[in-house]
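J.:
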Amino acid sequence: MFDVFRFETFVDAHSNVFNEYLGSVVAKLSRENEEYCAALIKVMELRNKLTDMEMQSVYFRGCYDSVGYLKKAGIL
Numbered sequence: 078m079f080d081v082f083r084f085e086t087f088v089d090a091h092s093n094v095f096n097e098y099l100g101s102v103v104a105k106l107s108r109e110n111e112e113y114c115a116a117l118i119k120v121m122e123l124r125n126k127l128t129d130m131e132m133q134s135v136y137f138r139g140c141y142d143s144v145g146y147l148k149k150a151g152i153l
């Protein structure tokens with residue numbers, strides 16, 4: 078049963094779309110353009126922020142579930 082279930086994050090599921098988008102941004106903007114550098118940095122910061130948010134939600138969901146199990150067991 079566990080072989081069938083696979084947890085997939087938003088970034089995992091849509092990373093190819095993001096990479097295509099990033100490729101189109103890189104292709105359209107000149108490397109000498111200062112706005113290009115700023116836009117690329119902003120896009121990468123947003124991607125990192127999204128990844129961090131997903132990791133935090135998984136972590137805190139695990140903590141929440143653990144506390145629930147301990148309360149159910151009468152430990153807490």
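If you use this note's numbering, the sequence shown corresponds to residues 78 to 153, in order. Every residue gets a Cβ at the ideal spot worked out from N, C-alpha and C, and that includes glycine.
Excluding the five sequence neighbours on either side, which residues of its own chain have a C-beta within less than 8 Å of the C-beta of LEU153, listed in chain order?
T.: For LEU153, where only same-chain residues beyond five positions count, the Cβ hits under 8 Å are VAL144, LEU147.
J.: For MET78, does the three-state DSSP call read helix, strand or coil?
T.: In this predicted model, MET78 has a pLDDT of only 48, less than 50, meaning its place in the structure is not dependable; the value taken from the coordinates is given anyway. MET78 falls in the coil class under three-state DSSP.
J.: Measuring straight from C-alpha to C-alpha, what distance separates VAL94 and CYS140?
T.: Roughly 31 Å between the two C-alpha positions.
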